[in-house]
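Read through the structure below, which is laid out as structure tokens, and then see the notes.
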Amino acid sequence: MDLSYDKLFIGGDWVAPSSSRTIEVFSASTEEPIGRVPEAVDADVDAAVVAARTAFQDPTGWATWEPSARADAIERLATALDSRGTEMARRVSAQNGMPISIATMLEAAFPQVVLRYYAGLIRSAVLDETRDGLLGGKVRVRRTPVGVVGGIAPWNYPVTLAAFKLGPALAMGCTIVLKPSPETVLDAQLLAEAVAEAGLPPGVINIVQGGRETGAYLVQHPGIDKVAFTGSTAAGRQIAETCGRLLRPVTLELGGKSAAIVLDDADLGSNLENLFAATLLNNGQTCYLGTRVLAPASRYEEVVDTLTGFASSLQVGDALDPATQIGPMASARQRDRVESYIAKGRGDGARLTTGGGRPAGLDKGWFVEPTVFADVDNSSTIAQEEIFGPVLSVISYRDVDDAVRIANDSAFGLGGSVWTADPARGAEVAQRVQTGTIGVNAYTPDPVAPFGGVKDSGLGRELGPEGLASYQSVQSVYLQA
Ligand code: NAD
Numbered sequence: 001m002d003l004s005y006d007k008l009f010i011g012g013d014w015v016a017p018s019s020s021r022t023i024e025v026f027s028a029s030t031e032e033p034i035g036r037v038p039e040a041v042d043a044d045v046d047a048a049v050v051a052a053r054t055a056f057q058d059p060t061g062w063a064t065w066e067p068s069a070r071a072d073a074i075e076r077l078a079t080a081l082d083s084r085g086t087e088m089a090r091r092v093s094a095q096n097g098m099p100i101s102i103a104t105m106l107e108a109a110f111p112q113v114v115l116r117y118y119a120g121l122i123r124s125a126v127l128d129e130t131r132d133g134l135l136g137g138k139v140r141v142r143r144t145p146v147g148v149v150g151g152i153a154p155w156n157y158p159v160t161l162a163a164f165k166l167g168p169a170l171a172m173g174c175t176i177v178l179k180p181s182p183e184t185v186l187d188a189q190l191l192a193e194a195v196a197e198a199g200l201p202p203g204v205i206n207i208v209q210g211g212r213e214t215g216a217y218l219v220q221h222p223g224i225d226k227v228a229f230t231g232s233t234a235a236g237r238q239i240a241e242t243c244g245r246l247l248r249p250v251t252l253e254l255g256g257k258s259a260a261i262v263l264d265d266a267d268l269g270s271n272l273e274n275l276f277a278a279t280l281l282n283n284g285q286t287c288y289l290g291t292r293v294l295a296p297a298s299r300y301e302e303v304v305d306t307l308t309g310f311a312s313s314l315q316v317g318d319a320l321d322p323a324t325q326i327g328p329m330a331s332a333r334q335r336d337r338v339e340s341y342i343a344k345g346r347g348d349g350a351r352l353t354t355g356g357g358r359p360a361g362l363d364k365g366w367f368v369e370p371t372v373f374a375d376v377d378n379s380s381t382i383a384q385e386e387i388f389g390p391v392l393s394v395i396s397y398r399d400v401d402d403a404v405r406i407a408n409d410s411a412f413g414l415g416g417s418v419w420t421a422d423p424a425r426g427a428e429v430a431q432r433v434q435t436g437t438i439g440v441n442a443y444t445p446d447p448v449a450p451f452g453g454v455k456d457s458g459l460g461r462e463l464g465p466e467g468l469a470s471y472q473s474v475q476s477v478y479l480q481a
């Protein structure tokens with residue numbers, strides 16, 4: 001793969017960048033260069049924001065269209081992405097190491113599910129209603145688009161997490177400047193091609209490729225009305241500070257360190273596929289994973305053995321190989337970070353039961369073996385900090401109260417899961433966990449359900465009608481009788 005671009009997608013057109021800076025992209029599996037795109041500098045962000053604002057303020061433009069017309073356009077975008085699905089999966093896999101079997105579902109198909117969901121939602125949404133007041137008059141409540149959105153996505157699910165922002169923003173009539181992560185820019189170029197094919201009005205979607213500085217410049221830009229960010233808690237805090245100072249609406253989907261609570265009646269062995277998706281999906285590079293596995297003291301060794309056997313059985317290899325279950329980390333930096341946590345776990349006295357090193361026979365690529373630590377203390381670094389790699393920590397608990405206490409003893413609160421033979425009991429335990437989302441015997445984020453975190457995992461929600469609400473401005477008009 002060698003994909004070279006020399007233009008940015010701004011104002012519905014492919015335009016020459018204002019500088020000669022480029023972003024080089026490397027294959028996570030082979031470390032070979034696979035493409036380059038121009039890096040957007042401040043002047044390019046300015047142009048993208050002007051294009052988005054012009055499109056938003058056009059008196060007969062996107063924001064004024066009937067919701068059904070916008071829904072049609074969103075569906076055309078979904079169709080344009082459908083026809084690029086194979087290539088999209090390939091680009092994502094090559095860039096960030098996501099196994100192609102997963103990328104095919106979660107990056108090449110799921111984004112369109114999200115887009116179509118919002119197209120459907122806006123067709124039936126009530127955006128203008130009149131209520132009987134309590135003080136004699138009536139009140140008209142109007143929901144209008146919040147304006148020009150600055151959307152910032154991370155590299156782990158670049159297309160899906162862009163769609164989490166595009167779907168509701170477009171449905172409401174907002175326009176958007178999207179900044180992908182520098183690790184995953186080739187998929188964003190393909191997205192731009194789909195936008196062009198779908199015939200969205202110029203300026204409705206603009207893409208600025210760049211790193212942290214480009215993102216920071218976008219966040220504080222005077223032409224932006226709302227920021228939608230997915231990424232690390234550290235960056236989220238900085239963005240929140242800026243938005244706080246500017247009183248600019250912001251949603252933050254940040255990191256996690258969720259708990260997978262195995263109840264004493266669980267049969268993990270019969271549910272390994274769901275367990276994989278809830279704890280190790282995308283090489284552990286998924287924000288909501290239950291990487292702290294809480295096991296009852298009465299069955300502790302059995303759970304450790306099951307996880308150890310399972311982790312060591314996973315096929316590690318080139319992300320583009322359909323048989324691969326665990327691919328490489330997205331970057332050398334990420335691989336080094338995961339390895340430093342593994343060293344820390346060892347140093348802190350946790351018991352390594354499998355993995356811990358680099359897989360034999362894979363000399364190129366940023367691979368880390370699926371790793372399980374037993375006898376992990378919940379207060380230790382590997383239990384408290386997000387590792388973002390294929391590393392599980394198994395923590396012992398006495399009884400369900402103790403399990404809930406440990407689950408909640410975390411700075412984060414994004415995902416989680418409960419594993420049990422009794423789903424009703426699982427649901428009861430789930431509601432005691434301080435987290436934005438949690439699953440019973442599986443963890444499957446569904447577009448209809450609000451997704452997001454509490455505590456250090458973020459602010460606000462994406463997906464569901466709640467996700468649409470965060471792209472709305474609400475006005476009350478008091479009508480005297
Ligand atoms: P990151 O915070 O380093 O970068 C994310 C994006 O923000 C990138 O596009 C980056 O260029 C940009 N950015 C970084 N600093 C910025 C700043 N100060 N101002 C503006 N933009 C800035 O995160 P990452 O390493 O790319 O992604 C991994 C992190 O994302 C993990 O912590 C993971 O948990 C989190 N994540 C959260 C969710 C969620 O929905 N809660 C989903 C996926 C990933």
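At position 381 of the sequence shown the residue is numbered 381 (UniProt numbering), and the sequence of numbers has no breaks. Idealized CB from N, CA, C, for every residue including glycine. For clarity, every value in this text was computed on a predicted model and none was experimentally measured.
Please tell me whether residue i has its Cβ less than 7 Å away from any Cβ of chain B.
i	result
T437	Structure shown: chain B not included; a single protein chain is present.
Buried or exposed: where does residue i fall if 16 or more other Cβ atoms within 10 Å of its Cβ makes it buried?
i	result
V126	exposed
Y478	exposed
R245	exposed
S379	exposed
V474	exposed
A421	exposed
L106	buried
Q480	exposed
P33	exposed
G66	The amino acid occupying residue 66 in the given sequence is Glu; Gly does not appear at that position. Classification for E66: exposed.
L135	exposed
S124	exposed
A16	exposed
Q189	buried
E129	exposed
T104	buried
D446	exposed
V448	exposed
S68	exposed
G355	buried
Return helix, strand or coil for residue i, following the three-state DSSP convention.
i	result
D13	strand
D264	coil
T251	strand
D58	coil
G231	coil
T308	helix
L3	strand
Y478	strand
E313	Note on identity: in this sequence residue 313 is Ser, with Glu being the wrong assignment. Note: S313 maps to helix in three-state DSSP.
E39	coil
R432	coil
G284	helix
A188	helix
A259	strand
A295	strand
V148	strand
I34	strand
V208	coil
E183	coil
How close, in whole Å, do the beta carbons of residue i and residue j come, if the pair is a contact with beta carbons under 8 Å?
i	j	result
P450	L463	6 Å
A171	I102	With 8 Å as the limit, A171 and I102 do not qualify as a contact, their Cβ atoms being about 27 Å apart.
A407	V433	5 Å
V148	R248	With 8 Å as the limit, V148 and R248 do not qualify as a contact, their Cβ atoms being about 11 Å apart.
P99	A430	Wrong, their Cβ atoms sit about 28 Å apart, outside the cutoff.
residue 567	A40	Residue 567 is absent from the model: the chain starts at 1 and stops at 481.
Y118	P182	Contact flag wrong, Cβ pair sits at about 27 Å.
S312	P390	Wrong, their Cβ atoms sit about 11 Å apart, outside the cutoff.
F229	E253	7 Å
A63	G173	4 Å
A234	Y443	Not quite, the Cβ-Cβ distance comes to about 25 Å (not below 8 Å), so this is no contact.
G365	A28	6 Å
Beta carbon of residue i: closer than 6 Å to some heavy atom of the ligand FAD?
i	result
Q238	As far as ligands go, the structure on display features the ligand NAD and does not contain the ligand FAD.
Legend entry - the segment 276-294 touching the segment 152-161, judged by at least three CB pairs closer than 8 Å: Yes: at least three Cβ pairs fall under 8 Å.
Legend entry - Ordered list of alpha helix (DSSP H) runs contained in the segment 334-391, each at least 4 residues: 381-384
Legend entry - Meets three-Cβ-pair contact criterion under 8 Å: the segment 220-227 and the segment 189-203: The count of Cβ pairs closer than 8 Å, one atom from the segment 220-227 and one from the segment 189-203, stays below three, leaving the stretches out of contact.
Inset, instruction - Taking only runs that begin and end inside the segment 52-121, name each unbroken alpha helix (DSSP H) of 4 or more residues, in chain order. - result: 67-82, 85-96, 100-106
Legend entry - Runs of alpha helix (DSSP H) lying entirely within the segment 388-428, each at least 4 residues, in chain order: 400-408
Legend entry - Three or more C-beta pairs below 8 Å linking the segment 175-187 and the segment 80-99: yes
Inset, instruction - Give a yes or no on contact between the segment 266-282 and the segment 373-387, applying the rule of three or more CB pairs nearer than 8 Å. - result: no
Inset, instruction - Please go through the segment 448-477 and give each complete alpha helix (DSSP H) segment of 4 or more residues, from N-terminal end onward. - result: 464-469
Inset, instruction - Answer yes if the segment 42-50 comes into contact with the segment 2-17, meaning at least three C-beta pairs across the two stretches below 8 Å, and no otherwise. - result: yes
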